[in-house]
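Encoded as structure tokens, the structure appears first; notes follow it.
In my numbering, the protein residues as written are 2 to 99.
Here's what the structure looks like:
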């Protein structure tokens, strides 16, 4: 099975580096006791970055593993569907679905 599409890997790693910087920035803001609305604004930006990372990860999974699993058919195709449903159900249960 293909694991990672190189372009998507590069973009996902770039996104994680951006997230690292955003989190460090938020930590400094909290430590400096900055205005709550500014903290929330930074937190929301981090959440948007995480959603962007999620999109890249889902795209890679669909283009690699899910494609292979559907090609295999049978139990593998059902497993692919189950995995994706559980990921999205998990997000809904935690209030993450939009």
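Cβ coordinates follow ideal geometry from the N, Cα and C atoms, glycine included.
Determine the closest residue to residue 68 out of 81, 26 and 58, with distance taken between C-alpha atoms. 81
Using beta-carbon positions only, say whether residue 4 and residue 58 come within less than 9 Å of one another. no
Is it buried or exposed for residue 89, if we count other Cβ within 10 angstroms and need 16 for buried? exposed
Tell me the rounded alpha-carbon separation between residue 34 and residue 16. 27 Å
Under the three-state reduction of DSSP, which class applies to residue 4: helix, strand or coil? coil
So, for residue 6: in the same chain, excluding its five sequence neighbours on each side, which residues have a beta-carbon less than 7 Å away from its beta-carbon? 61, 64 and 65
Bounding residues of the alpha helix (DSSP H) (the contiguous stretch that carries residue 65): Note, residue 65: premise wrong, no alpha helix (DSSP H); not H, not E.
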